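2 protein chains.
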Amino acid sequence: MTEAGGTGDRAAAVIAALRFDKDGLLPAVAQQHDTGEVLMLAWMNREAVTRTLDTGHVHYWSRARNALWRKGERSGQEQRLVELRVDCDGDTLLLRVEQTGVACHTGQRSCFFRAAHDGALVTIAEPLMSPGELYGESGH
Amino acid sequence: MTEAGGTGDRAAAVIAALRFDKDGLLPAVAQQHDTGEVLMLAWMNREAVTRTLDTGHVHYWSRARNALWRKGERSGQEQRLVELRVDCDGDTLLLRVEQTGVACHTGQRSCFFRAAHDGALVTIAEPLMSPGELYGESGH
Numbered sequence: 001m002t003e004a005g006g007t008g009d010r011a012a013a014v015i016a017a018l019r020f021d022k023d024g025l026l027p028a029v030a031q032q033h034d035t036g037e038v039l040m041l042a043w044m045n046r047e048a049v050t051r052t053l054d055t056g057h058v059h060y061w062s063r064a065r066n067a068l069w070r071k072g073e074r075s076g077q078e079q080r081l082v083e084l085r086v087d088c089d090g091d092t093l094l095l096r097v098e099q100t101g102v103a104c105h106t107g108q109r110s111c112f113f114r115a116a117h118d119g120a121l122v123t124i125a126e127p128l129m130s131p132g133e134l135y136g137e138s139g140h
Numbered sequence: 141m142t143e144a145g146g147t148g149d150r151a152a153a154v155i156a157a158l159r160f161d162k163d164g165l166l167p168a169v170a171q172q173h174d175t176g177e178v179l180m181l182a183w184m185n186r187e188a189v190t191r192t193l194d195t196g197h198v199h200y201w202s203r204a205r206n207a208l209w210r211k212g213e214r215s216g217q218e219q220r221l222v223e224l225r226v227d228c229d230g231d232t233l234l235l236r237v238e239q240t241g242v243a244c245h246t247g248q249r250s251c252f253f254r255a256a257h258d259g260a261l262v263t264i265a266e267p268l269m270s271p272g273e274l275y276g277e278s279g280h
């Protein structure tokens, strides 16, 4: 999973502690490091973890596109890694990040912009950008 | 998934917006509502979502035990639901909760008590209780 040239060294000890699922993935929760805001949940494989630790830029695995992606590669809305945390049983990651702009492909700061209130699902925040400004839906 | 006697009404509109995976589950991130601390990630099925909304006490689905559980039913470390949020594509939940005591079966406040620092995985918090005080590992 590591590339030639010594990259991946920083990730080896972390990778060893992780329990990927049968598809080689685990969920990663991205949280803005200073405000505590939960921004999104996406999936990582070994390569995504390795590249994230090596470069400091958060990478995920797209289950829809079956491809590695660097967050913000199309939209510019990057996530710089501040700290990668691992849960008690090694099957979930918490990424403490510095989010550029918005995390959600809808233009919302956070993907969690709807809430259950009195039996209805209501929108609790307004988008900060339009999807068009994010260069299409694949900017997620 | 609802019980007799009218329970489940509060959950119907939320359930309709959710996209459960092929096993009928989706990941739920629990976050302490006032501090922003991410406590844990666990899994919910339709019944767990319904019971959580109906009772105000967070319920999950245990993939290991193949059973519904109410958080804290053995350990006493309950989660009272403050707000249930749904992400943009309806396949992840964010539970804003009031956590009694500790969220993790290890006695740590949060399950995310290890972090990658300079290529090593280090413990960044100390447990607040012993697993024994939590009545065994199944108190998670």
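Chains A and B are the protein sequences, given in the same order. Residues 1 to 140 in the numbering used here are what the first sequence lists, from first letter to last. Residues 141 to 280 in the numbering used here are what the second sequence lists, from first letter to last. For every residue, glycine included, the Cβ atom is placed at its ideal position computed from N, Cα and C. Keep in mind the model is a prediction, meaning the values are calculated, not measured.
C-beta neighbour in chain B for A:L41, strict 8 Å: Taking the first sequence and counting its residues from 1, one reaches residue 41 of chain A at position 41. Yes, because at least one Cβ of chain B sits closer than 8 Å to the Cβ of A:L41.
Report yes or no: is there a C-beta of chain A within less than 8 Å of the C-beta of B:L261? Here residue 261 of chain B refers to the residue found at position 121 of the second sequence. At least one CB of chain A lies nearer than 8 Å to the CB of B:L261.
If I follow the unbroken alpha helix (DSSP H) through A:E83, where does it start and stop? Along the first sequence, read from residue 1 onward, the residue named residue 83 of chain A stands at position 83. A:E83 -> not in any alpha helix (DSSP H); beta strand (DSSP E) instead, spanning 79-86.
With respect to the beta strand (DSSP E) encompassing A:E98, which residues constitute its N-terminal and C-terminal limits? Taking the first residue of the first sequence as position 1, residue 98 of chain A is located at position 98. Element bounds for A:E98: 93-99.
Taking the alpha-carbon of A:K22 as reference, which of A:R10, A:A12, A:A64, A:R46 has the nearest alpha-carbon? Against the first sequence, residue 22 of chain A aligns to sequence position 22. Sorting A:R10, A:A12, A:A64, A:R46 by C-alpha distance to the C-alpha of A:K22 places A:R46 at the top.
Taking only the alpha-carbon atoms, compute the straight-line gap between B:Q171 and A:D34 and give it to the nearest angstrom. For this step, residue 171 of chain B is matched to residue 31 along the second sequence. For this step, residue 34 of chain A is matched to residue 34 along the first sequence. Between the C-alpha atoms of B:Q171 and A:D34 there is a straight-line separation of about 15 Å.
Alpha carbon to alpha carbon, what distance is there between A:E78 and A:E98? Walking along the first sequence from the start, residue 98 of chain A turns up at place 98. Walking along the first sequence from the start, residue 78 of chain A turns up at place 78. Cα-Cα distance, rounded: 8 Å.
For a cutoff of 8 Å on Cβ pairs, would you count B:D194 as touching chain A? To locate residue 194 of chain B, count along the second sequence from 1; it is residue 54. Chain A contact via Cβ: absent.
Show which residues of chain C have a CB atom less than 8 Å away from the CB atom of A:H33. Protein chains in the displayed structure are A and B, and chain C is not among them.
Is DSSP giving A:L41 helix, strand or coil here? Along the first sequence, one-based indexing puts residue 41 of chain A at 41. DSSP, read as helix, strand or coil, puts A:L41 in strand.
Around the Cβ of A:S130, are there at least 16 other Cβ atoms within 10 angstroms (buried) or fewer (exposed)? Within the first sequence, residue 130 of chain A is the residue found at index 130, counting from 1. A:S130 is exposed by the Cβ-count criterion.
Short of 9 Å Cβ to Cβ, which residues in the segment 89-101 of chain A face chain B? Within the segment 89-101 of chain A, the qualifying residues are D89, G90, D91, T92, L93, L94, R96.
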